[in-house]
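According to our numbering, the residues represented by the sequence shown are 1 to 104, in order. As structure tokens, the structure follows; a few thoughts come after it.
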Amino acid sequence: MKRKLRRKILWLILVVLFLLFTRKYLAQPFFVLGKSMEPTLKDRRICLVNKAIYHFKLPERGEVVVFRTNEEPHLYFTKRIVGLPGEIIEIRKGRVFIDGRYYF
1 MKRKLRRKIL WLILVVLFLL FTRKYLAQPF FVLGKSMEPT LKDRRICLVN
51 KAIYHFKLPE RGEVVVFRTN EEPHLYFTKR IVGLPGEIIE IRKGRVFIDG
101 RYYF
């Protein structure tokens with residue numbers, strides 16, 4: 001009986017460690033709050049964020065990212081990347097231009 005209990009406890013510890021590692025380094029669920037990402041991501045939906053991807057590549061235009069700011073470190077924002085470093089983003093009459101060229 002003790003052996004079975006010990007085995008179950010060890011199994012539970014391993015599962016908890018795996019989940020903690022996964023959440024810290026690989027993937028984490030987030031709630032999307034607000035309607036700014038609709039229709040791609042609906043308000044109050046849960047999305048799973050790949051936390052490891054940017055260790056292998058730089059963010060690209062069009063990707064959806066989750067981030068926080070220094071001003072509000074307790075809040076997470078979900079947004080789509082439009083501009084990249086060094087680019088000039090303009091919005092004219094509801095249209096987006098990147099470095100003077102129409103984007104959408």
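We treat Cβ as the ideally placed atom computed from N, Cα and C, and that holds for glycine. A quick note: this is a predicted structure, and the numbers were derived from the prediction, not measured.
| For the alpha helix (DSSP H) that contains K8, what are its first and last residues? | 2–21
| said: Here's the rule I'm using: 16 or more other beta-carbon atoms within 10 Å means buried, otherwise exposed. How should V32 be labelled? | reply: buried
| field | C-beta atoms of F30 and C47 nearer than 7 angstroms | value | yes
| message | Please return the same chain residues whose Cβ sits closer than 8 angstroms to the Cβ of D43, not counting the five positions on each side in sequence. | response | Here D43 has V32, L33, G34, K35 as same chain residues with Cβ atoms under 8 angstroms from its own Cβ, once five neighbours each way along the sequence are excluded.
| Can the beta-carbon of I98 be found less than 7 angstroms from the beta-carbon of I91? | Going by C-beta atoms, I98 is not nearer than 7 angstroms to I91.
| message | For L75 and L58, what's the separation of their Cα atoms in angstroms? | response | 23 angstroms
| task | Leaving out five residues on either side along the sequence, give the residues of the same chain with a beta carbon under 8 angstroms from the beta carbon of L41. | result | V32, C47, V64, T78
| Since R61 contacts V82 with CB under 8 angstroms, what's their CB separation in whole angstroms? | 7 angstroms
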